[in-house]
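Per numbering that gives the first Met the number 0, the sequence shown starts with residue 0, numbered consecutively.
Note that beta-carbon positions come from the ideal geometry of N, C-alpha and C, so glycine has one too.
This report refers to the structure that appears directly beneath it.
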Amino acid sequence: MKIRIYGARGAIPAPGEKTQKYGGNTSCVLVSYEENQKKIIIDAGSGIRVLGENLIKEENLDIHIFLTHFHSDHIMGLPFFLPFYQKSAQITIYGPNPVDNSMEKFVKSYIENHEIAARLGNIQAALIFRELNEETFSLESLKVKTQRVNHPVKCIGYRFELNEKSVTFTIDHETYFDGINAEGKAVKESEKLNAKHIEFIRNSDILLSDAQYLPDEYRQYMGWGHSSILDAINRAIAANVRILVLFHHDPNREDKQIDKIVTHYRRVIERKKLPIKIYAAREGWEYLC
Ligand SMILES: [Zn+2]
Ligand SMILES: [Zn+2]
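In structure tokens form, the structure reads like this:
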């Protein structure tokens, strides 16, 4: 599997000279496999625009988009994804059920009510929709596993397995705690829920994880559905993850700060002789596994 990041920012795009290195686009990752013949996309944040421009050069596209949830930072790029306007393309969209709507209705009206769609004409590609709960299924050679994660709206974590390798995405997720959770519901069994989550990410070759806040900031945003960098690292260590990619960078986080964070935690890991490797998600970053 080859992973390429097109957007790693959370909440809102954050372009500018202080975010050039890690990039300002919101959540979007391409995973290609079987010698680049097969492609899946995780999330459709602003980063998917550039990805779409690359993809339309190919004929008869068969693309699978896995949406984690419907907060705007994860779907704002949908209307700008040019393969939607290509007759020969087939696009399958997976995701949770958006509240009070079917995913098909939600996604189609989100695209068609945008000015770019008015200019390019309506959707031309053949669309297939699949609403997901917690399940395991095969997409030809690829095994897909899903798990609900802790976020103020229904949000899915994805795990993809191929030839003994696994890549897991928990892009918006907060460690469960007893009290009022990210969805505003009372939680009493956080220990059990966290253990279930650790099993979901266990032994991942690569985990792309929500790591929006510094531990000090997190106290202020507890219950918002995002993780501190330290929580993301602790979960990955507990689950024996090989490579952790810190994802969903806060829009205010500058390149210099991200560099500092990575250097700091790499030192801690080295000191403790832990086998995990840590990176901060960066647009254009590619990894093979
Ligand atoms: Zn988000
Ligand atoms: Zn969200």
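Residue range of the alpha helix (DSSP H) that includes residue i
i, result
"VAL267", "254 to 270"
"ALA235", "228 to 237"
"ARG129", "Where ARG129 is concerned, there is no enclosing alpha helix (DSSP H), although the beta strand (DSSP E) it sits in stretches over 125 to 130."
"LYS195", "189 to 200"
"GLY51", "47 to 54"
C-beta contact flag for residue i and residue j at 8 Å
i, j, result
"LEU66", "GLY94", "yes"
"ALA181", "GLU188", "no"
"TYR212", "HIS225", "yes"
"GLU52", "LEU81", "yes"
"ILE4", "GLU269", "no"
"ASP209", "VAL166", "no"
"ASP254", "TYR21", "yes"
"GLU33", "SER140", "yes"
"VAL261", "ILE200", "no"
"PHE246", "ILE170", "yes"
"LEU192", "MET0", "no"
"ASN100", "GLU130", "no"
"PRO214", "ALA10", "no"
"ILE236", "TYR264", "no"
"CYS288", "LYS164", "yes"
Residues near residue i in its chain [Cβ-Cβ closer than 6 Å; skip 5 each side]
i, result
"VAL244", "LEU207, TYR278 and ALA280"
"LYS144", "THR135 and ARG158"
"VAL152", "HIS68"
"ASP230", "THR174"
"THR25", "GLY6, ARG8, PRO12, GLY44, SER45 and ASP72"
"ILE74", "ALA43"
"PHE128", "ILE92, MET102 and GLU103"
"TYR217", "SER227"
"ILE242", "ILE205 and LYS276"
"CYS154", "THR67, HIS68, VAL148 and ASP171"
Extent of the continuous beta strand (DSSP E) run through residue i
i, result
"GLY9", "GLY9 -> no beta strand (DSSP E), and no H or E assigned at all."
"ASP61", "61 to 65"
"GLY156", "155 to 161"
"ARG147", "141 to 147"
"PHE105", "Where PHE105 is concerned, there is no enclosing beta strand (DSSP E), although the alpha helix (DSSP H) it sits in stretches over 102 to 111."
"LEU287", "285 to 287"
"SER137", "135 to 138"
"ILE74", "Where ILE74 is concerned, there is no enclosing beta strand (DSSP E), although the alpha helix (DSSP H) it sits in stretches over 71 to 74."
"GLN219", "Premise fails: GLN219 lies in the alpha helix (DSSP H), 214 to 220, not in any beta strand (DSSP E)."
"PHE79", "Element bounds for PHE79: n/a, residue is neither H nor E."
"TYR278", "276 to 279"
"LYS38", "37 to 41"
"ASP209", "205 to 209"
"THR18", "That residue, THR18, is in no beta strand (DSSP E); it is neither H nor E in DSSP."
"THR91", "89 to 94"
Spatial neighbours of residue i in its chain, beta-carbon cut-off 7 Å, leaving aside the 5 residues before and after
i, result
"ILE110", "LEU77, PRO78, PHE83, ALA116 and ILE122"
"ILE179", "ALA185 and GLY222"
"ILE257", "TYR21, HIS248 and ALA279"
heavy atom of ligand 2 below 7 Å from residue i C-beta
i, result
"ASP177", "no"
"ASP171", "yes"
"HIS263", "no"
"HIS196", "no"
"HIS248", "no"
"GLY156", "no"
"HIS113", "no"
"GLY222", "no"
Contacts around residue i, its chain only, beta-carbon distance under 8 Å, and the 5 residues preceding and following it disregarded
i, result
"GLN85", "ILE55, LEU60, GLN123 and ALA124"
"ILE40", "CYS27, VAL28, LEU29, VAL30, ILE47, LEU50, ILE62, HIS63, ILE64 and PHE65"
Any non-hydrogen atom of ligand 1 within 7 Å of residue i CB
i, result
"ASP61", "no"
"SER137", "no"
"ALA231", "no"
"GLY6", "no"
"GLY9", "yes"
"SER26", "yes"
"ASP72", "yes"
Give a yes or no on contact between the region 14 to 32 and the region 262 to 278, applying the rule of three or more CB pairs nearer than 8 Å.
These segments do not touch.
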